[in-house]
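Colleague: My questions all concern the structure below.
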Amino acid sequence: MRTWSAPNIPKLPGASVPLRLYDTAARQVRQTGPGPTARMYVCGITPYDATHLGHANTYLAFDLVGRQWRDNGHDVHYTQNATDVDDPLLERAEQTGVDWQELAEREIELFRTDMEALRILPPREYVGVTEVVGQVAALIERLGPFTYELDGDIYFSKAAAPKFGEVSGYSEQEMLTLFAERGGDPERAGKRDPLDWLLWRAERPGEPAWDTPLGRGRPGWHIECTSIALDNLGPGFDVAGGGTDLIFPHHECGASEGHAATGEWPFARFYTHAGMVALDGEKMSKSKGNLVFVSKLRREHDPMAIRLVLLGHHYRADWEYVPAELAAAEARLARWREAVALPAAPPAVDLLQTVRERLADDLDAPGALAAIDAWAERALSGSTLPDGADPSAPALVADLADTLLGVRL
Ligand code: 5CA
Ligand code: ZN
Numbered sequence: 011m012r013t014w015s016a017p018n019i020p021k022l023p024g025a026s027v028p029l030r031l032y033d034t035a036a037r038q039v040r041q042t043g044p045g046p047t048a049r050m051y052v053c054g055i056t057p058y059d060a061t062h063l064g065h066a067n068t069y070l071a072f073d074l075v076g077r078q079w080r081d082n083g084h085d086v087h088y089t090q091n092a093t094d095v096d097d098p099l100l101e102r103a104e105q106t107g108v109d110w111q112e113l114a115e116r117e118i119e120l121f122r123t124d125m126e127a128l129r130i131l132p133p134r135e136y137v138g139v140t141e142v143v144g145q146v147a148a149l150i151e152r153l154g155p156f157t158y159e160l161d162g163d164i165y166f167s168k169a170a171a172p173k174f175g176e177v178s179g180y181s182e183q184e185m186l187t188l189f190a191e192r193g194g195d196p197e198r199a200g201k202r203d204p205l206d207w208l209l210w211r212a213e214r215p216g217e218p219a220w221d222t223p224l225g226r227g228r229p230g231w232h233i234e235c236t237s238i239a240l241d242n243l244g245p246g247f248d249v250a251g252g253g254t255d256l257i258f259p260h261h262e263c264g265a266s267e268g269h270a271a272t273g274e275w276p277f278a279r280f281y282t283h284a285g286m287v288a289l290d291g292e293k294m295s296k297s298k299g300n301l302v303f304v305s306k307l308r309r310e311h312d313p314m315a316i317r318l319v320l321l322g323h324h325y326r327a328d329w330e331y332v333p334a335e336l337a338a339a340e341a342r343l344a345r346w347r348e349a350v351a352l353p354a355a356p357p358a359v360d361l362l363q364t365v366r367e368r369l370a371d372d373l374d375a376p377g378a379l380a381a382i383d384a385w386a387e388r389a390l391s392g393s394t395l396p397d398g399a400d401p402s403a404p405a406l407v408a409d410l411a412d413t414l415l416g417v418r419l
């Protein structure tokens, strides 16, 4: 599919700091060590209600990863999917009387516009599952010994996955609960294990289906991401990302599929997850309908202020959106803009180093914002500067905010 357009990224002077990131599978912060090309896969939207602040929070987190890697001198190969055929999308289309393909196209287009407005760097490949059903079916065929059939559907057998559980570290009980909550079917009769997961769903009356060597049907959820990641990035890519709601079962099952397909473990070197954004005490979710849409906020607010709201929370934190944050972000944006419009300001070379260090430390964006706030305050206070005012400082700060944080001043 068409991706979205990339913002311009100014080049920064001086040395960058290698990125350290939390790896859910290792349960600790580790230094990322990509080759010349850093490879990242981030799970995309299911396009039936886009783009809420929770989505934006997740894509912003991985945007920061890409920006850090670029600053570290890597070429970044970034792939994202769109789950443009799946039960929740089909259900919503049915309820609202809209054609499921039209619904998906419309929401994906809105998502692209939101991502562009928020200056989120586009993936190199933006892949809808419906574009690659043949490739997904071919991968399922390759997984033959790890799978079994049940009334025409195909399941991955958990018993054939020796590393199952290593990504999430969850107990069997936790897994069972989450599996049932997040699209799994632990109760289905005839399965060998309640946690065996669906790879291929044979055609049902009234549902979309594709002709493949597996018969007519459509892919299950987890295998789509495994297939798209493998086909575009190859095995052993650097980061698999999404929100914490994807740790289990999505990334757990995907990791075992990738292991089975390639013989290599880990499938992704890092599994990295962004925290959940809530509204009125509950996780923002399409099914609950407690959503704050980026497109709605954009009608009245500068997208850079929306971006600053998100940057004000560490990406791994769970937080609750309150509108007062947007007012505070607008005030911050105005202060920064005023400071970078000055003819001269306190030198900003140390600030650049601090912002790089904060972001390299598991994306400490709130720490980076605090450092810029302190600089802007000194710049605007008008007090005599011990080192004198530097006429190149305002432009350097504008560039570092743009390049590292994606905030255009
Ligand atoms: N299509 C699948 C991934 S393959 C999916 O989860 N789609 S989604 O539309 O439900 O979510 C898209 C991304 O936003 C996922 O990475 C998900 O983890 C993240 N996300 C969803 N809700 C929230 C939320 N409330 N807060 C933060 N991130 C969220
Ligand atoms: Zn996914």
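If you read the sequence shown in this note's numbering, its first letter stands for residue 11, the second for the next number, and so on. Positions of the beta carbon are idealized from the N, C-alpha and C atoms, including for glycine.
1) What are the boundary residues of the alpha helix (DSSP H) that N366 is part of?
2) Judging by CA-CA distance, which residue of Q38, F258, L320, V332 is the nearest neighbour of D290?
3) Given a threshold of 16 other Cβ atoms within 10 Å of its Cβ, counted over all protein chains shown, does V39 qualify as buried or as exposed?
4) Given a cut-off of 8 Å, decide if Y325 and L373 are closer than it, judged by their beta-carbon atoms.
5) Which residue comes first and which comes last in the beta strand (DSSP E) that contains V423?
6) Please indicate yes or no: does the CB of G291 lie closer than 7 Å to some heavy atom of ligand 4?
7) Are L320 and N67 close, meaning C-beta to C-beta below 8 Å?
8) Is the CB-CB distance between L208 and Y165 below 8 Å?
9) What residue range is occupied by the uninterrupted alpha helix (DSSP H) comprising A339?
10) In angstroms, rounded to a whole number, what distance separates the CA positions of R279 and G251?
11) Once DSSP output is grouped into helix, strand and coil, what is the label at K21?
12) According to DSSP, is W110 part of a helix, a strand, or is it coil?
13) Cβ atoms of E234 and V350: under 8 Å apart, would you say?
14) Below 8 Å, how does it come out for the region 188 to 207 and the region 123 to 131: are there three or more Cβ pairs, yes or no?
15) V146 and S237: beta carbons closer than 8 Å?
16) Please classify Q90: is it buried, with 16 or more other beta-carbons within 10 angstroms of its beta-carbon, or exposed?
17) Look up N82 in the DSSP assignment and say whether it is helix, strand or coil.
18) Does ligand 2 have even one heavy atom less than 7 Å from the beta-carbon of H65?
19) Is M4 near ligand 1, judged by its Cβ being under 7 Å from some heavy atom?
20) Would you give the residue range spanned by the alpha helix (DSSP H) that I382 belongs to?
21) Using the C-alpha atoms, what's the distance from A169 back to Y158?
22) Indicate the three-state DSSP secondary structure (helix, strand or coil) for R30 in the structure shown.
23) Which residues does DSSP pair with A212 in a beta bridge?
24) Look up Y88 in the DSSP assignment and say whether it is helix, strand or coil.
25) Thinking just about the alpha-carbon of each residue, which of Y281, V177, P172, A339 is nearest to the one in D383?
26) With distances taken Cα to Cα, identify the nearest neighbour of M294 among W329, E119, L120.
Modeller: In terms of the structure at hand:
1) Here residue 366 is taken as the residue at index 356 of the sequence shown, counted from 1. The sequence shown places Arg at residue 366, not Asn. Segment 359 to 370, the alpha helix (DSSP H) holding R366.
2) Along the sequence shown, read from residue 1 onward, the residue named residue 290 stands at position 280. If we check each option's Cα against that of D290, V332 comes out closest.
3) Position 29 of the sequence shown, counting from 1, holds the residue named residue 39. It counts as exposed.
4) On the sequence shown, residue 373 is found 363 positions in, with the first residue counted as 1. On the sequence shown, residue 325 is found 315 positions in, with the first residue counted as 1. Yes, they are a contact pair.
5) Given that the chain is displayed from residue 11 to residue 419, the structure contains no residue 423 and the question cannot be resolved.
6) Ligands in the displayed structure: ligand 1 and ligand 2; ligand 4 is not one of them.
7) The count along the sequence shown starts at 1 and reaches residue 320 at position 310. The count along the sequence shown starts at 1 and reaches residue 67 at position 57. Their beta carbons are under 8 Å apart, which means L320 touches N67 by this criterion.
8) By one-based count along the sequence shown, residue 208 stands at place 198. By one-based count along the sequence shown, residue 165 stands at place 155. Yes.
9) Stepping through the sequence shown from its first residue, residue 339 is reached at position 329. Where A339 is concerned, the enclosing alpha helix (DSSP H) stretches over 334 to 350.
10) By one-based count along the sequence shown, residue 279 stands at place 269. By one-based count along the sequence shown, residue 251 stands at place 241. If I take the Cα positions, the gap works out to 11 Å.
11) If you number the sequence shown from 1, residue 21 lands on position 11. Coil.
12) The residue you call residue 110 lines up with position 100 of the sequence shown. Three-state result, W110: helix.
13) Along the sequence shown, one-based indexing puts residue 350 at 340. Along the sequence shown, one-based indexing puts residue 234 at 224. No. Outside cutoff.
14) no
15) Locating residue 146 in the sequence shown gives position 136, where the first residue counts as 1. Locating residue 237 in the sequence shown gives position 227, where the first residue counts as 1. Going by C-beta atoms, V146 is nearer than 8 Å to S237.
16) Reading the sequence shown from its first residue, position 80 is the one you call residue 90. So Q90 counts as buried.
17) Counting from one through the sequence shown, the residue named residue 82 turns up at place 72. It is coil, neither helix nor strand.
18) Taking the sequence shown and counting its residues from 1, one reaches residue 65 at position 55. No, the Cβ of H65 stays beyond 7 Å of every heavy atom of ligand 2.
19) Within the shown structure, residues of the chain are numbered from 11 to 419, placing residue 4 beyond reach of any answer.
20) Counting from one through the sequence shown, the residue named residue 382 turns up at place 372. Looking at the DSSP string, the run of the alpha helix (DSSP H) that includes I382 is 375 to 391.
21) As a first step, residue 158 must be located in the sequence shown, where it is residue number 148. As a first step, residue 169 must be located in the sequence shown, where it is residue number 159. Computed Cα separation, rounded: 11 Å.
22) Taking the first residue of the sequence shown as position 1, residue 30 is located at position 20. Three-state result, R30: strand.
23) Numbered from its first residue, the sequence shown carries residue 212 at position 202. For A212, which the question treats as bridged, DSSP gives the partners G227.
24) By 1-based counting over the sequence shown, the position of residue 88 is 78. Three-state result, Y88: strand.
25) Position 373 of the sequence shown, counted from the start, is the residue given in the question as residue 383. Taking only the C-alpha atoms, the option nearest D383 is A339.
26) Sequence index remark: in the sequence shown, residue 294 carries index 284 (1-based). For M294, the nearest C-alpha among the options comes from W329.
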